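K.L.:
Residue numbers (my numbering), protein chains in the order written: chain A, 15 to 173; chain B, 8 to 103. Cβ coordinates follow ideal geometry from the N, Cα and C atoms, glycine included. Predicted model only: the values in this text are computed from it and were never measured.
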Amino acid sequence: MMGMSRIVKTITSITFPLIMIYGLYIIAHGHLTPGGGFQGGAVVASGCAMVLVAYGSVWTMGKIKEKNLSILESLGAIGFIGIAFFGLIFGLNYFFNNFLLNQSNLPIFNAIGVGLSNINTAGVIPLMNFAVGLKVIAGLFAIVLVMAYGTRLKGGKAE
Amino acid sequence: MSTRNILAAIFFAIVAIFLIYSLSSFSEIHEFGNPDQHITPEMDQYIINNTQNETGADNGVTAVVFDYRGFDTLGEATVLFTAVAGVILIFRRLKK
């Protein structure tokens, strides 16, 4: 699958950073506004898929390999489960313990979100949002990239 | 009729019985647009009242997904991980 026309590439270059900002905003504000790791990750992966369609799978595969995406996705999964296990180690002994909540000796983590601008609230929920967001971004983009790169052959020969 | 067919018939009979039994729960769902008609109002009201104090998150849905129901999110992430691993495994042959 080769790239599309110059018009499409230009429009993609303009709108791609905006989509990135919007998706990462949804991930970062997952505990305050509607959204979260899954939804923001889907938005970012959609932006990456737009780049894939506009520039072609061969060009995109030259920029990032799916092996690195697999590593990123595994890092997200390990981070998610690791935060859950940290709840088992610190604080009370149960899985998925929100151990960063109500820690008065850690001033960067407040107890209660009083407004939509207070990002440093909700304990481990933003960290889990980041982990799941990383996982969803890498996973969905790896699926789209591998499928597009696998079907680049037409009639047994590369285009 | 082989053993495999008999086992499949038994399995689908169990699934059918479960589905028919689960139809009885439709009569207990509250009407559309009538949130006061709850069967178990304690759960909803507890989450609405205590989410901000217990988790510190303004977004109640994220608080439920990542804190109260963390195990479900773990399963969800596992499903996504398995799907990605399967797709990459299948399309690996087509790379060359």
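Strictly below 7 Å CB to CB, what residues from chain B border SER60 of chain A?
P.N.:
Correct list: empty, because the minimum Cβ distance to chain B is about 15 Å.
K.L.:
On the CB-based measure, 16 or more other CB atoms within 10 Å of its CB, does VAL22 of chain B come out buried or exposed?
P.N.:
Counting Cβ neighbours within 10 Å, VAL22 of chain B comes out exposed, since fewer than 16 surround it.
K.L.:
For GLY147 of chain A, which of helix, strand or coil comes out of DSSP?
P.N.:
Helix, per DSSP.
K.L.:
Is the CB of LEU46 of chain A under 9 Å away from at least one CB in chain B?
P.N.:
It does: the Cβ of LEU46 of chain A has a partner Cβ on chain B nearer than 9 Å.
K.L.:
Does the region 18-37 of chain A come close enough to the region 56-76 of chain A that 3 or more CB-CB pairs lie under 8 Å?
P.N.:
The region 56-76 of chain A vs the region 18-37 of chain A: in contact.
K.L.:
Is the number of C-beta pairs between the region 10-24 of chain B and the region 88-102 of chain A that are closer than 8 Å three or more?
P.N.:
The region 10-24 of chain B vs the region 88-102 of chain A: no contact.
K.L.:
Could you give the distance in angstroms between the alpha-carbon of ILE116 of chain B and the alpha-carbon of THR26 of chain A?
P.N.:
With chain B running from 8 to 103 in the structure shown, residue 116 of chain B is simply not present.
K.L.:
Let's test the definition: count the other Cβ atoms within 10 Å of the Cβ of ILE139 of chain A and tell me whether it reaches 16, buried, or not, exposed.
P.N.:
Buried: at least 16 other Cβ atoms inside 10 Å.
K.L.:
Grab me the residues of GLY93 of chain B's own chain with a C-beta within less than 6 Å of its C-beta, minus the 5 sequence neighbours each way, in chain order.
P.N.:
No residues qualify anywhere along the chain.
K.L.:
Can you tell me whether ILE76 of chain A is buried or exposed? The criterion is at least 16 other CB atoms within 10 Å of its CB, across all chains shown.
P.N.:
Before going on, a small fix: residue 76 of chain A reads as Gly here, not Ile. Counting Cβ neighbours within 10 Å, GLY76 of chain A comes out exposed, since fewer than 16 surround it.
K.L.:
Answer with yes or no whether the minimum CB distance from LEU30 of chain B to chain A is below 9 Å.
P.N.:
Chain A contact via Cβ: absent.
K.L.:
Relative to the C-alpha of THR62 of chain B, which candidate in B:PHE19, B:ILE17, B:ILE97 and B:ASP74 has its C-alpha closest?
P.N.:
When only C-alpha atoms are compared, the closest one is B:ASP74.
K.L.:
If you run the structure through DSSP and keep just helix, strand and coil, what is ASP65 of chain B?
P.N.:
Three-state result, ASP65 of chain B: coil.
K.L.:
Let's test the definition: count the other Cβ atoms within 10 Å of the Cβ of LEU26 of chain B and tell me whether it reaches 16, buried, or not, exposed.
P.N.:
Under this definition LEU26 of chain B is an exposed residue.
K.L.:
So, helix, strand or coil for THR85 of chain B, using DSSP?
P.N.:
THR85 of chain B: helix per DSSP, three-state reduction.
K.L.:
Beta-carbon separation of VAL146 of chain A and ALA84 of chain B under 9 Å?
P.N.:
Result yes, Cβ atoms of VAL146 of chain A and ALA84 of chain B sit closer than 9 Å.
K.L.:
Whole angstroms are fine: how far does the CA of ALA64 of chain B sit from the CA of LEU141 of chain A?
P.N.:
Approximately 13 Å, taken between the alpha carbons.
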